[in-house]
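Comments concern the structure below.
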Amino acid sequence: MKLIIDDAHIELIKKVYEFYPIDGVTTNPSILAKSGRKPYDVLKEIRQFIGDNAELHVQAVSRDAEGMVKEAHRIAAELGKNTFVKIPSIPEGFKAMKELHALGIPITATAVYTPMQAFLAAKCGASYTAPYINRIDNMGYNGIQVAKHIHDIFKNNDLKTEVLAASFKNSQQLLELCEYGIGASTVAPDVIDGLVKNQAITSAVDDFIKDFESLTGSGKNMSNC
Ligand code: E4P
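Under our numbering, the letters of the sequence shown match residues 29 to 253, in that order.
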């Protein structure tokens, strides 16, 4: 499972990249709005930091297919290879996806709440479909089950599209999808931190250091004892 950061704050992105094995960055219009900066300024800064080989996902905001395709051309031109244009999974979006797929522009189908949206997006040529786990949960359904269901539909229909699960509220949801072998998850920095935030882990490490220093002296380790 690819692990992607769902944020546009460059300092946070750098911090998460420093410690964890990260495959790219996703953004959406709400995330960009939080930065308060010009969209392409932020996105180019992210692209420069993550490099050409990492994935960057950027959403189009037009309501019609023609506008979405126009946005996709600009996004691809400004942000280069491995940039996935996020297209909402609505009828105008499916129309845009078919056109973009024919042009070879990578697509992430977004705003996915149902397996049928994901199936249609996959048939239109999307590389990823992004079900919103937490938002689905908040509607009274089971977001994890929806994501698994979509994954199974893709495998059973020999579709190459992968699930890019989005909208997480905790690390347990992420682990469940990891175990299921879904393609990718995009996660806010605080949820990534939560993956290893555990008192038992820190206290095990503390105990080992204390025991070693009781043998060798304070500040000593295997390089200077
Ligand atoms: C991804 O495509 C979505 O834009 C994003 O993950 C939504 O997350 P949220 O429900 O936390 O806003």
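Glycine is no exception: its CB is placed at the ideal position from the N, C-alpha and C atoms.
The structure presented is a predicted model; accordingly, all values stated were derived computationally and were not measured.
In the structure shown, L107 adopts helical secondary structure according to DSSP, grouped into three states. Here T54 has I32, D34, H85 and T214 as same chain residues with Cβ atoms under 6 Å from its own Cβ, once five neighbours each way along the sequence are excluded. Fully contained in the region 59-130 are the following beta strand (DSSP E) runs of length 3 or more, in chain order: 83-87 and 111-116.
At a cut-off of 7 Å, the beta-carbon of Y141 does not count as near the ligand E4P: no heavy atom of the ligand is closer than that.
In the structure shown, Y45 falls within a helical segment according to DSSP collapsed to helix, strand and coil. When Cβ pairs closer than 8 Å are counted between the two stretches, the region 212-230 is seen not to touch the region 93-102, the count staying below three. Y156 is bridged by DSSP to T136 and E190. DSSP, reduced to helix, strand and coil, places G52 within a strand of the structure shown. Taking C-beta atoms as the reference points, D51 and K72 fail to come closer than 8 Å. Checking the DSSP bridge columns, you'll see K30 partnered with A212.
Each residue's CA atom was taken as its position, placing A105 and C253 some 55 Å apart.
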